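Following: one structure in structure tokens, then a few remarks.
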Amino acid sequence: MPPTPGPRHYLQFSDLTREEYAYLFARTALIKAKFKRYEIHQPLVDRTLAMIFEKHSTRTRLSFEAGMHQLGGAAIYIN
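In structure tokens:
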């Protein structure tokens, strides 16, 4: 079951239905399997993530930058 259109916010466990969690985990398994087989999977081409953090967070910033790069997107850090 693909996600519903429009922006959604995930703030607590009850924000998603059982079907949405099933879809999310199936999609995650697909992406992970492609990554392990060194297959290119870049659904975020031409997308940019702008990151603003209240506190200095090097590990979080770098992991988000790496993830965006692996998925074909770009990340910028605004301080």
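Position one of the sequence shown corresponds to residue 630 (our numbering), numbered consecutively onward. Where is the CB? At the ideal position from N, CA and C, for every residue including glycine. Predicted model only: the values in this text are computed from it and were never measured.
Residue j beta carbon less than 7 Å from that of residue i
| i | j | result |
| --- | --- | --- |
| residue 703 | residue 677 | yes |
| residue 691 | residue 673 | no |
| residue 670 | residue 663 | yes |
| residue 639 | residue 680 | no |
Beta-bridge partners of residue i, as assigned by DSSP
| i | result |
| --- | --- |
| residue 710 | The structure shown has nothing for residue 710, since the chain only spans 630 to 708. |
Identity of the residue in the options nearest residue i by Cα
| i | options | result |
| --- | --- | --- |
| residue 634 | 649, 684, 640, 666 | 649 |
| residue 697 | 651, 645, 652, 675 | 675 |
Legend entry - Secondary structure, beta strand (DSSP E): runs of 3+ residues fully inside the segment 639–680: The qualifying runs are 677–680.
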